[in-house]
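Remarks on the structure that follows.
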Amino acid sequence: MAANQGERTRRRLSAEERREQLLSVGARLFSESPYDDVWIERVAEIAGVSRGLLYHYFPNKRDFFAAVVERESERMLRMTAAVPGVPVREQLAAGLGAYLEYVRAHAHGYRAFHRADATGDQAVRRVYRKALAAQERQILAALAADPEFGPSFGERTEVRLAVRGWLAFTTAVCLEWLRDPEPSPEQVRDLCARALLGAIAS
């Protein structure tokens, strides 16, 4: 009797664990449906919490989706952070490898992140564009720190445009790869690496 009761007793989640659980559920739902078709009450239902508790963490759907986008952005930036002193060409393969591991392991979050720009909510779109700008700055900073390219390289307008375009290209490739995972991660990695090096070639 006591054992059965114990099995039915749920471990109380910490505030951070609960927030992470809600964001994980949200990432899945937002990746599967357009923003307007996701009901925050459904998130609470799947997570097994009351609507009141969910609203304690996130005042409204806009704030909730913005938090999903920020969470995925932070993950991507951490996984692709530059390593000081290592040439960009060497880092590119390693960084893309880590990025593709993230895409495959967190497919729902990745799709949800890239749905943000399609929402009609300007606040959510600002969060998404801020996240893309952070990725762009990270790449440009790595180029500037590499003697092969130098500090002034990333200041060139055409280089900034090339990096921005490459991010869009890589996103399109990864979203298609999630639909059709036949190419190996190594093939996708090499494709994206060649595209960046070609785009920034002087």
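Taking the working numbering, the leading residue of the sequence shown gets 289, the next gets one more, and so forth. Ideal placement from N, C-alpha and C gives every residue a C-beta, glycine not left out.
Is the beta carbon of residue i less than 7 Å from the beta carbon of residue j?
| i | j | result |
| --- | --- | --- |
| residue 487 | residue 450 | yes |
| residue 365 | residue 477 | no |
| residue 371 | residue 434 | no |
| residue 350 | residue 412 | yes |
| residue 439 | residue 432 | yes |
| residue 380 | residue 481 | yes |
| residue 323 | residue 459 | no |
Any idea if residue i is buried or exposed, counting beta-carbon neighbours within 10 angstroms, 16 or more meaning buried?
| i | result |
| --- | --- |
| residue 301 | exposed |
| residue 445 | exposed |
| residue 361 | buried |
| residue 281 | What is shown of the chain runs 289 to 490, which leaves residue 281 out entirely. |
| residue 485 | exposed |
| residue 344 | exposed |
| residue 423 | buried |
| residue 369 | exposed |
| residue 314 | buried |
| residue 421 | exposed |
| residue 393 | exposed |
| residue 419 | buried |
| residue 442 | buried |
| residue 373 | exposed |
| residue 397 | buried |
| residue 304 | exposed |
| residue 293 | With a pLDDT of only 42 at residue 293, under the threshold of 50, the placement of this residue in the model should not be trusted, and no figure is reported. |
| residue 291 | Because residue 291 carries a pLDDT of 43, less than 50, the predicted location of this residue cannot be relied on, and the following value inherits that uncertainty. When all chains shown are included, residue 291 counts as exposed. |
Are the C-beta atoms of residue i and some chain D residue less than 7 Å apart?
| i | result |
| --- | --- |
| residue 332 | Reference to chain D is not applicable here, since this structure consists of a single protein chain. |
Report the start-end ranges of each alpha helix (DSSP H) in the stretch 410–440 that is 4 residues or longer and not cut off at the edges.
410–432
Any chance the stretch 310–326 sits against the stretch 355–369, with 3 or more Cβ pairs inside 8 Å?
yes
To test your reading of the DSSP string, which unbroken alpha helix (DSSP H) runs of 4 or more residues are found completely within the stretch 335–359?
339–345
Curious, which full-length beta strand (DSSP E) runs of at least 3 residues does the stretch 368–412 contain?
none
Check whether the stretch 452–472 and the stretch 393–409 are in contact - that is, three or more C-beta pairs closer than 8 Å.
yes
Sufficient close CB pairs (3 or more, under 8 Å) joining the stretch 373–389 to the stretch 301–310
Contact between the stretch 373–389 and the stretch 301–310 is absent, because fewer than three Cβ pairs lie under 8 Å.
Return the chain-ordered ranges of every alpha helix (DSSP H) run that is complete within the stretch 443–486 and spans a minimum of 4 residues.
Complete alpha helix (DSSP H) runs here, min 4: 445–467.
Identify every run of the alpha helix (DSSP H) within the stretch 301–338, keeping only runs that are complete inside it and at least 4 residues long; order them along the chain.
303–320 and 328–335
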